[in-house]
Every structure is written in structure tokens, then in C-alpha cells.
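Read through the structure below, which is laid out as C-alpha cells, and then see the notes.
2 protein chains.
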Amino acid sequence: MPRVFMDVTLEIGQTITIGGEDGHHYTRVLRVREGEFLAVASSGCGYLAHIGAVDATAGIVTAHVVETLPTHESMYPVYLIQGLAKGDKIDTIIQHNTELGVAGFLLLETQRSVVKLDSKKRESKLERWRKIAREAASQAQRDVVPIVAYGSAIQAVHDWLDSMSNVSVFFLDEEERTVGLASALPLHSAQVVKRTSVLVVGPEGGWDAVERDVWVNQMRAIPVTLGPRTLRTETAGLVGVSAVLHHYRQLGG
Amino acid sequence: MPRVFMDVTLEIGQTITIGGEDGHHYTRVLRVREGEFLAVASSGCGYLAHIGAVDATAGIVTAHVVETLPTHESMYPVYLIQGLAKGDKIDTIIQHNTELGVAGFLLLETQRSVVKLDSKKRESKLERWRKIAREAASQAQRDVVPIVAYGSAIQAVHDWLDSMSNVSVFFLDEEERTVGLASALPLHSAQVVKRTSVLVVGPEGGWDAVERDVWVNQMRAIPVTLGPRTLRTETAGLVGVSAVLHHYRQLGG
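One line per chain: the protein sequences are A and B, in this order.
Heads up: the first sequence is residues 1 to 253, going by the working numbering.
Heads up: the second sequence is residues 1001 to 1253, going by the working numbering.
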């Protein structure tokens, strides 16, 4: 059963009311019943709630928060900066990487992005992508819905990266022949300070020379290869994030 | 530029003729020219070939094999056994995992597979999936096209697994809470004998209790989790294969 994301802070013993779209979904589509349990998430934490009443006509579920659930989030956050790609590729990228556990997405207009979105289209696309992230997070039993943001230039990323400590930025680079994530990731041990990883994936046509220079020299991103097989833009991020999460023992122990 | 797969054994100095669908693609779609280079692959090895003549009308490219290319294949083969899933999910699974480097696929009818294919449909589906694998392998610059096979019962896998030495079978198991690939994979060092990994992924509805028992007790598969986030069937394989290839340093060094 998918999780409900609540916008209020929860505590044990609290009574919650699920209405709106979620209420409709749980009463009319999933047809939950009084006495059953459902999982809710709020402020990065999952809770088990016991259903006290179901009003299918009004589409409202009333439940009591009974216990906190173990975290489902990676202890080592991974962000994906993805060059804007064609068609519905971004939809799939957000859906799959949200399931996998990405903490947030930055969709970036690049020199070779065929797609450029004006501010109106951008808003409607962002709304769509955030909905996809929320649904995928709910299905995947996550504690948070990943952030989805849009950037129209690499420089916009600079301040955000600068504001973070203990962050490694990996630039997936077709020109890099040797260094992979296996050697670029810091050695992992339980004693090490929790690090954040940012993976940077280009659009279909890759990055131009100026952009590459900005990533490597201004943003201090580490160029890495994912090996000799050419991955498409919609596969590369998922593969890279899987490798990082595996490295940090966040895909099971 | 995508690679051409040749069915004949190649050697340096040999003249090759590319006709048929490939010839059409290279002359009319990609519009290669005399003097350019293209990559060809045969018997698990990649070669660079120098184009001597292009006949666009007949759709024929003539080229000379000039050198062997470094291997693009994983030194540690990974096979994917995938429970038959609905819609075009298998298409995507084959495409993405071929890019990533999977050595072969076994599509398996399971108790909870909604799709069951009669022998006629099976042949046409297999033809379609093999075409997808070939195209993805060509785009990804692989040295081989992965094998695509179909099984109508788990027991059919038994002899195949038994015929292989140094093989680890990992059963992606929703019921497993603790052991992930990180601890289930054998310790990796350059001295270790090359191992083959087989990942077993269920269909949308998962495996039933009898099937689970067959995998774990008869096939000696190791149950593993990919962590607390619920992955869909089309994501799980790609994530698991990425973790295995990363573990064996086959996604860049």
C-alpha cells in the first residue's frame, strides 16, 4: 500500500484526517477499511497509523498514529543534476531515481539541450515532475518526497554547492577513460562523516567544452566514467546513483 | 556511431562487406563516407575498420579491418533472470540492461506473471526482444549481443545453472530485510577467480511461497534485499546489476 505524505508534523497518539486527492485514492481506489493500518510520512519520518473511520462518500480517512517506522532514507544523500533531455525522458528519470532514493533533482538547461522551457512551460513541467516524484516516493515507501528544481545555467548551481559541506560532485564524463566511481568515491567506513554526493549527467548530446571546463574547474566536480559501454542519458543517472548507494551500503547491508 | 555486429570471424587486414539492414542504415541513415572509420564487433571482440567504398544505391559499405579495440565487456559476467512483466516493460528492461552490460537474459513465466505467451507469440516476442538487444548493444559499443532466452518454469533454469562453475545466484527478495549485495557478493580482489553473477527479479506481483522455496532451496540462490525502498520490477534489475558491476570494478576503475 502506498504511503501518504502529510504536510503537518506528526506525533504518536495524534489523530489524522486524510482528505482531498489522497482521501479519494485511499477510500475509493484502494478501498481501505476501518481497523487496517496504513503508513504515513511527514518531516522525513515514517509512521504507522491505525484506521479509525472511513467515509467513502466524503473521501475521508481518519486514523491514529501508533508508532514510528525505521527510516527508509539513505544516510548518505545523493542528488542528481540532469541535463534537460527530450520527450518524456525526464519523467522516467525522476520516477526511477525517486524509487531508488535520490534526495533531490536539478533539471538543467544546457548548451546542447534541445528542450528550453519558457517560464510558463517551466512551471507546468515542474508541477508535473513534482507530482511524479510524490507518487514514486509514495509507492517506494520513502520518508520524503525528493526536491525537484530547475536551473537555466550551470552557474546557478554554484551557490547551492558552496552552501553544502562534505559534498562530492561527480561529473559523468564521456572523455574520462580511467577513473570510475569505485576509485573516486571516498573510502567508506562506519566512522566516516556522512557525505553528500552529487551526480552530474549531461543531456543526449553531452556537454560542450566550455561547460565541461566550468564543471571541472569552477565547480570542482570530479570527472568519472561509468565504463566503456555507452549509456544513454536516461540510464546513466540511475546506474551512477546505484553505484554510490551500494558503495555506502545504502542498498541493503 | 553505433557498432556493426558481424556473424563471421574477423582478423586484421580482412576486407568486410556490410549490406542488408546494416548496410542501409550506414549508407542512407548515418551516411558514412569513404575514408571514415567504423567499429565492428564479432565473436566477442571489437575492431576498427577503415571504410574503402560506400555504395549508397545498393546500401553496401566495404571496409578493411585495421586494428582490434580494447574489450568493452565486463570481466565478470552478469545474467538477469526476469519474471515476465506486463506491457512493454520487458522491452525497456532489455534495452537498459544491455547498455549496462548484461551478458544474457532469461525471461521467465512465473505464477504471478499476468502475461503468458503461447509458442507463436513467444517466437515473435523473442524476435522483438533480440532486435532490441542487438540495437542497444550496437549503440552502447558492446563486443557482444546478449543472449535472450525464454523459460516457462523455474526448473528449466536448473541445468543451465548447474552447468556453470563459479556462479553466484542472487534472488532479489522483498522478504529479506538485512542481507544486501554488499555483504552477499564475494570479496573482490584482482587475484580472485572471475565469477559469474545471476540476478533473479520477480514480476510485478513478486514470487509465491513455492517459487521462493525453489529458488532458495533447490537453486541455492542467495536471498538479498536492495534496501528499504520498494523498487518496481523494471528498476530492480538495473539497480542490482549496477551494484554487481560496481563491486567488481566493471563500471570504470
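Glycine residues also receive a C-beta, built at the ideal position from the N, C-alpha and C atoms.
Output needed for residue 1089 of chain B: all residues of its chain with C-beta closer than 6 Å, excluding positions within five of it in sequence on either side, in chain order. So the list reads 1234, once near-sequence residues are dropped.
Proximity to residue 1030 of chain B [Cα-Cα], best of B/1193, B/1155, B/1081 and B/1054: If we check each option's Cα against that of residue 1030 of chain B, B/1054 comes out closest.
For residue 97 of chain A, count neighbouring C-beta atoms within 10 Å of its own C-beta (all shown protein chains included) and say buried if the count is 16 or more, exposed if not. Under this definition residue 97 of chain A is a buried residue.
With 16 other CB atoms within 10 Å as the buried threshold, where does residue 119 of chain A fall? By the Cβ-count criterion, residue 119 of chain A is exposed, with fewer than 16 other Cβ atoms from all chains shown falling within 10 Å of its own Cβ.
Beta-carbon proximity of residue 1140 of chain B to residue 1099 of chain B, cut-off 8 Å: Yes; because the gap between Cβ atoms is below 8 Å, this pair is in contact.
Leaving out the 5 sequence neighbours to the left and right, which residues in its chain are closer than 8 Å to residue 1256 of chain B when beta-carbon positions are compared? Past the boundaries of the shown model lies residue 1256 of chain B; chain B is included only from 1001 to 1253, so the question cannot be answered.
Output needed for residue 145 of chain A: all residues of its chain with C-beta closer than 7 Å, excluding positions within five of it in sequence on either side, in chain order. For residue 145 of chain A, where only same-chain residues beyond five positions count, the Cβ hits under 7 Å are 5, 133, 134 and 137.
For residue 179 of chain A, return the contacting residues in chain B, with the cut-off set at a CB-CB distance below 7 Å. Scanning chain B for C-beta atoms nearer than 7 Å to the C-beta of residue 179 of chain A yields 1252 and 1253, reported in chain order.
Which class does residue 1055 of chain B belong to by DSSP, given the choice of helix, strand or coil? Strand, per DSSP.
If you run the structure through DSSP and keep just helix, strand and coil, what is residue 236 of chain A? It is helical.
Give the DSSP-derived three-state secondary structure of residue 1132 of chain B in the structure shown. Of the three classes helix, strand and coil, the one that applies to residue 1132 of chain B here is helix, per DSSP.
Which chain B residues are close to residue 138 of chain A, counting only those with a beta carbon under 8 Å from its beta carbon? For residue 138 of chain A, none of the residues of chain B pass the 8 Å Cβ criterion, the least Cβ distance being about 10 Å.
If you measure from the beta carbon of residue 1100 of chain B to each beta carbon in chain A, is any gap under 8 Å? Yes, its Cβ sits closer than 8 Å to a Cβ of chain A.
3 or more residues per run - each beta strand (DSSP E) lying fully within the segment 63-140 of chain A: Counting only runs of at least 3 residues, the segment 63-140 of chain A fully encloses the following beta strand (DSSP E) elements, listed from N- to C-terminal order: 78-83 and 104-108.
Beta-carbon of residue 223 of chain A versus every beta-carbon of chain B: anything under 8 Å? Residue-level contact by beta carbon fails for residue 223 of chain A and chain B, as no gap is shorter than 8 Å.
The segment 1031-1047 of chain B contacting the segment 1069-1089 of chain B, beta-carbon criterion three pairs below 8 Å: These segments touch.
Residues in the segment 36-65 of chain A having any Cβ partner in chain B nearer than 9 Å: Along the segment 36-65 of chain A, there is no position whose C-beta sits under 9 Å from a C-beta of chain B.
Where residue 108 of chain A falls, given that 16 or more other Cβ within 10 Å makes a residue buried: So residue 108 of chain A ends up on the buried side.
Using 8 Å for Cβ pairs, my map puts residue 1063 of chain B next to residue 1143 of chain B. What's the rounded Cβ distance? Actually they do not touch by this definition, with Cβ atoms about 18 Å apart.
Tell me whether residue 1229 of chain B is buried or exposed, calling it buried when 16 or more other Cβ atoms sit within 10 Å of its Cβ. Result: buried.
Residues bridged to residue 1047 of chain B (per DSSP): Residue pairing from DSSP places residue 1047 of chain B in a beta bridge opposite B/1040 and B/1068.
Within chain B, partners of residue 186 of chain A - CB distance below 8 Å: Ordered by position in chain B, no residue passes the 8 Å Cβ test against residue 186 of chain A, which lies about 15 Å from the chain.
Which class does residue 169 of chain A belong to by DSSP, given the choice of helix, strand or coil? In the three-state reduction of the DSSP assignment, residue 169 of chain A falls in the strand class, which pools E and B.
Whose Cβ in chain B lies nearer than 8 Å to the Cβ of residue 228 of chain A? Residues of chain B passing the Cβ test: 1070, 1071, 1072 and 1141.
Member of B/1200, B/1111 and B/1032 whose CA lies at the smallest distance from the CA of residue 1051 of chain B: When each option's Cα is compared against that of residue 1051 of chain B, the closest is B/1032.
Nearest chain A C-beta to residue 1126 of chain B closer than 8 Å, yes or no? Judged by the 8 Å Cβ criterion, residue 1126 of chain B is not in contact with chain A.
Residues of chain E with a CB under 8 Å from the CB of residue 1249 of chain B: which are they? In the displayed structure, chain E is absent; the protein chains listed are A and B.
Which chain A residues sit within Cβ distance under 8 Å of residue 1235 of chain B? At a beta-carbon threshold of 8 Å, the residues of chain A lying near residue 1235 of chain B are 96, 99, 100 and 238, ordered along the chain.
If the criterion is Cβ atoms closer than 8 Å, does the pair residue 74 of chain A and residue 101 of chain A meet it? Cβ atoms of residue 74 of chain A and residue 101 of chain A: closer than 8 Å.
So the candidates are A/184, A/95 and A/59; which of them puts its Cα closest to the Cα of residue 237 of chain A? The residue with the shortest Cα to Cα distance from residue 237 of chain A is A/95.
Is there a Cβ of chain A sitting closer than 8 Å to that of residue 1133 of chain B, yes or no? No, residue 1133 of chain B does not count as interfacial toward chain A.
Coil, strand or helix - residue 248 of chain A by DSSP: Correct three-state label for residue 248 of chain A: coil.
Please identify the residue among A/243, A/93 and A/208 whose C-alpha is closest to the C-alpha of residue 175 of chain A. The shortest Cα separation from residue 175 of chain A among A/243, A/93 and A/208 belongs to A/208.
Could you tell me the boundaries of the beta strand (DSSP E) in which residue 197 of chain A lies? Taken as a continuous stretch (DSSP letters only), the beta strand (DSSP E) holding residue 197 of chain A covers 196-201.
Contact set for residue 1130 of chain B: own chain, Cβ-Cβ below 8 Å, skip 5 residues either direction: Within the same chain, residue 1130 of chain B has close Cβ partners 1145 and 1148.
Residue 1204 of chain B versus B/1024, B/1001 and B/1110, residue with shortest Cα-Cα distance: That would be B/1110, whose Cα lies nearest to the Cα of residue 1204 of chain B.
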